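In my numbering, the protein residues as written are -1 to 160.
For reference, the structure is listed below as structure tokens.
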């Protein structure tokens, strides 16, 4: 029960951040939408074992690092884009980022996180291969791009979306 309430609270908070409002109508809308998402998610999950409150709290404890790290990525990505606008881009291109076997929610979260940053665009997701194809502004050293993205994935996202 605690896990359900925490999920509803977190999703409602995210909704309020997106709409940039704390009006009573927006709070109510957020609560209704979050409750529907949690209910559909529980029904869709079906026969899988319920998540313990401890596991839910452990995952929620990783949210500040994920959000903070994503904000840092957005700022540094914005700086990269500004540099590229002021002078010629270094070497834009496509890079495959291996994720290994992950859950669909982890794949989706990584795609969203990469899409938020202005210097990366998700082009393709290959769940069978366990990789994401990303267009980056500076692809002259794909191994460095992979290492940076994998470090962010392991230290930030994996704690919240295993």
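Where is the CB? At the ideal position from N, CA and C, for every residue including glycine.
For clarity, every value in this text was computed on a predicted model and none was experimentally measured.
Can you give the Cα-Cα distance for residue 52 and residue 30, rounded to whole angstroms?
Each residue's Cα considered, the two are about 25 Å apart.
Rounded straight-line distance, which links the Cα of residue 157 to that of residue 57:
Approximately 6 Å, taken between the alpha carbons.
Which residue marks the beginning of the beta strand (DSSP E) containing residue 129, and which one marks its end?
Residue 129 -> beta strand (DSSP E) spans 129 to 134.
Going by DSSP in three states, residue 109 sits in which element: helix, strand or coil?
Collapsing the DSSP output to three states places residue 109 in a helix.
Test item: CB-CB of residue 120 and residue 112 under 8 Å
Yes. Within cutoff.
For a test of the three-state rule: what should DSSP assign to residue 153, helix, strand or coil?
Helix, per DSSP.
According to DSSP, what are the bridge partners of residue 24?
Bridge partners of residue 24 according to DSSP: none are assigned.
Neighbour-count burial assignment, residue 161, 16 or more Cβ in a 10 Å radius:
No information on residue 161 is available, as it lies outside the stretch -1 to 160 that the chain covers here.
In three-state terms, what does DSSP make of residue 45?
Because the pLDDT of residue 45 is 45, which lies under 50, any placement of that residue in the model is unreliable, and the number read from its coordinates should be weighed accordingly. Reduced to three states, the DSSP call for residue 45 is coil.
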